[in-house]
Structure formats: structure tokens, C-alpha cells
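Chemist: Counting from 1 along the sequence shown, just add 41 to a position and that's the residue number in the working numbering.
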Amino acid sequence: MIIETISKKKLKECVQNEIENNLNLIESD
């Protein structure tokens, strides 16, 4: 399913962003 693939890709991007944000918070601490 194309929609499912897009959702997984979006989810992956969201997770990646969250991880980067958390890393930035840790580094700036």
C-alpha cells in the first residue's frame, strides 16, 4: 500500500527529528 509506505517514511522522519532534538538538548545542557 502506497499510503502505508508514506506513513512509515513520515514516522521514520519524525522519530529521526525527535532523536536529533534530544541529542541537541543533551549537548546544550
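Quick reminder that beta carbons are idealized off the backbone N, C-alpha and C, glycines included.
1) Between L53 and the rest of its own chain, which residues show a CB-CB distance below 7 Å, the 5 nearest in sequence each way excluded?
2) When you compare only the Cα positions, how much space is there between L64 and N58?
3) Roughly how many angstroms lie between the CA atoms of E68 and K51, to the nearest whole one?
Modeler: Answer, in terms of the structure:
1) Per the sequence shown, the amino acid found at residue 53 is Lys instead of Leu. The answer is none, since no qualifying residue turns up.
2) For L64 and N58, the distance between alpha carbons rounds to 10 Å.
3) C-alpha separation (whole angstroms): 26 Å.
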